[in-house]
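In order, the protein sequence lines correspond to chains X and Z.
Under this note's numbering, the letters of the first sequence match residues 905 to 1017, in that order.
Under this note's numbering, the letters of the second sequence match residues 82 to 192, in that order.
Ideal Cβ positions, reconstructed from N, Cα and C, are used throughout, including at glycine.
Model, not experiment: these values are computed from the prediction.
Below is one structure; the comments refer to it alone.
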Amino acid sequence: EADIYQTPRYLVIGTGKKITLECSQTMGHDKMYWYQQDPGMELHLIHYSYGVNSTEKGDLSSESTVSRIRTEHFPLTLESARPSHTSQYLCASSDQESQETQYFGPGTRLLVL
Amino acid sequence: QKEVEQNSGPLSVPEGAIASLNCTYSDRGSQSFFWYRQYSGKSPELIMSIYSNGDKEDGRFTAQLNKASQYVSLLIRDSQPSDSATYLCAVRESSASKIIFGSGTRLSIRP
């Protein structure tokens, strides 16, 4: 069973607010990922990290930023939320031992008014 | 051309029948392949992983891999209404540790 957590699970916030979505995993995985997914649509990779102090942008352009100061923690920040940021955000982690099998957190549903 | 291709569906299968889901990929050097199931509003969960040519069975699920044809499939025997979900095919790139997800196939099991 995967031990990867995301908070908050649901967030409703006004335009212009700064928000941070939290993701943490207790499996010691070196790689972590953030995906954005609209209802019924495909996953889009927005950020990933291969280890502490390593972050990369994904395939989908995003106005969010990430940091990786500790192995277990990979927060995603939106400096100024907009209605176009309304979506589900999924965090995942993997490691080489499991052939990079990705384990997903429960997701954060974000609604920006 | 997308790197991992799936038919978006919906694929409708009667209860008790075999559901067959297909996926093709473009990176010939890929070595690791995964099938995830995603219920509406939930996060993806791993069903099967397969790394070598042939079949791999786990309960009602069978994954099939043909690297020469760059083709991976998932068979679900004795389909149940609870199998209704979107199934995501994922392939690990040969050049990196990144996994590429297909857009998913929606499966509907009709009673």
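{"query": "Near L925/X, what residues of its chain come up, given a Cβ to Cβ distance below 6 Å and the 5 sequence neighbours on each side ignored?", "result": "L980, Y993 and T1012"}
{"query": "With distance defined between alpha-carbon atoms, name the residue in D139/Z, S93/Z and N147/Z nearest to P192/Z.", "result": "S93/Z"}
{"query": "Between Q929/X and chain Z, is the shortest Cβ-Cβ distance under 8 Å, so that the two count as touching?", "result": "no"}
{"query": "What does a CB cutoff of less than 8 Å around E96/Z pick up in its chain, not counting 5 residues either side in sequence?", "result": "S160, Q161, P162, I190, R191 and P192"}
{"query": "Are T959/X and S968/X touching if we call contact CB-CB under 8 Å?", "result": "no"}
{"query": "Return helix, strand or coil for P162/Z, following the three-state DSSP convention.", "result": "helix"}
{"query": "Could you spell out the range, first to last residue, of the beta strand (DSSP E) harbouring T1005/X?", "result": "Segment: none, T1005/X is in no beta strand (DSSP E) and carries neither H nor E."}
{"query": "Could you check how far apart the C-beta atoms of T990/X and L1015/X are, in whole angstroms? I think they sit under 8 Å.", "result": "5 Å"}
{"query": "Helix, strand or coil: how does DSSP classify H948/X here?", "result": "strand"}
{"query": "Find the nearest neighbour of F115/Z within the set A100/Z, E126/Z and R187/Z, judged by alpha-carbon distance.", "result": "E126/Z"}
{"query": "Can you tell me the Cα-Cα spacing of M936/X and Q1006/X, whole angstroms?", "result": "9 Å"}
{"query": "Hey, how far is the Cα of I157/Z from the Cα of Q145/Z?", "result": "11 Å"}
{"query": "Starting from P1010/X, find everything on chain Z with Cβ-Cβ shorter than 7 Å and list it in chain order.", "result": "S124"}
{"query": "Reducing DSSP to helix, strand and coil, say where P912/X ends up.", "result": "coil"}
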